[in-house]
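Once you know that position 106 of the sequence shown is 105 in numbering that gives the first Met the number 0, the rest is easy, because the numbers rise by one and skip nothing. Working notes, structure below.
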Amino acid sequence: MSRLESFIRRMSAQRDVIDHVAQALPLPEDGAILEIGLGNGRTFDHLREKFPGRRIVAFDRALGAHASSTPPPGDLVLGEIVETARAFAGTDAALVHADIGTGYDDKDAVTLTWLPDIVARALGAGGIAISGLPLDHAALEPLALPATVDSKRYFLYRRRA
Ligand SMILES: C[S@@+](CC[C@H](N)C(=O)[O-])C[C@H]1O[C@@H](n2cnc3c(N)ncnc32)[C@H](O)[C@@H]1O
């Protein structure tokens, strides 16, 4: 499969999983959404559309988002996520979306030494995690993906109580 085709499938999977959560998986009533890896802000914009009224806190090492998809200063956390997101442990986030895979197995293996724990600690009980990388953590129960999404293309979890 070409890298272009793989990218398109990843983007479709990301959208389909987010839409599935918005339509079929109730989130805890309170709690913010954490967007881990703001990038251009396209997913931030989609989350904003699908979860109106929710605070969305976005993380990246530097601001590179389109002006129309840049969070307000109080909801933008710049720096290395392994350091910045730790401050969100215990904040009972309702939803975490993480899109920080690189396509390099060695780099992603380093990310996976800390990302699952950061996500599990930030979520409140019943909160949802959507990720482009697998989040292997005892507190995160894997959930079924929508039928349009291949397993291993995107990942979906609920934080155990
Ligand atoms: C694939 S892009 C996210 C794209 C985003 N979903 C969008 O709609 O544009 C990943 C982003 O995460 C950031 N990132 C990846 N790993 C990071 C880390 N460890 N700390 C801070 N930022 C990181 C990168 O700078 C990049 O902007």
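Cβ coordinates follow ideal geometry from the N, Cα and C atoms, glycine included.
* To do: Could you pull out every residue in the same chain whose Cβ sits closer than 8 angstroms to the Cβ of residue 21, ignoring the five residues on either side in sequence?
  => Start at 1 with the first residue of the sequence shown, and residue 21 comes out as number 22. For residue 21, where only same-chain residues beyond five positions count, the Cβ hits under 8 angstroms are 49, 50.
* To do: Along the alpha helix (DSSP H) that carries residue 45, what are the first and last residues, could you check?
  => If you number the sequence shown from 1, residue 45 lands on position 46. Where residue 45 is concerned, the enclosing alpha helix (DSSP H) starts and stops at 41 to 49.
* Asked: Sorry if obvious, but does the Cβ on residue 38 come closer than 7 angstroms to a heavy atom of ligand 1?
  -> As a first step, residue 38 must be located in the sequence shown, where it is residue number 39. Yes, Cβ of residue 38 sits closer than 7 angstroms to a heavy atom of ligand 1.
* Boundaries (first-last residue) of the beta strand (DSSP E) holding residue 35 -> Start at 1 with the first residue of the sequence shown, and residue 35 comes out as number 36. Taken as a continuous stretch (DSSP letters only), the beta strand (DSSP E) holding residue 35 covers 32 to 35.
* Residues in its own chain within less than 6 angstroms of residue 117 by CB, not counting five upstream and five downstream? -> Indexing the sequence shown from 1 puts residue 117 at position 118. So the list reads 84, once near-sequence residues are dropped.
* **Cβ-based neighbour list, residue 94, same chain, cut-off 6 angstroms, excluding 5 preceding and 5 following** => Position 95 of the sequence shown, counted from the start, is the residue given in the question as residue 94. Contacts found: 26, 32, 127.
* To do: Please name the residue in 143, 105, 103, 97 whose C-alpha comes closest to that of residue 42.
  => Counting from one through the sequence shown, the residue named residue 42 turns up at place 43. For the residues 143, 105, 103, 97, the minimum Cα distance to residue 42 belongs to 97.
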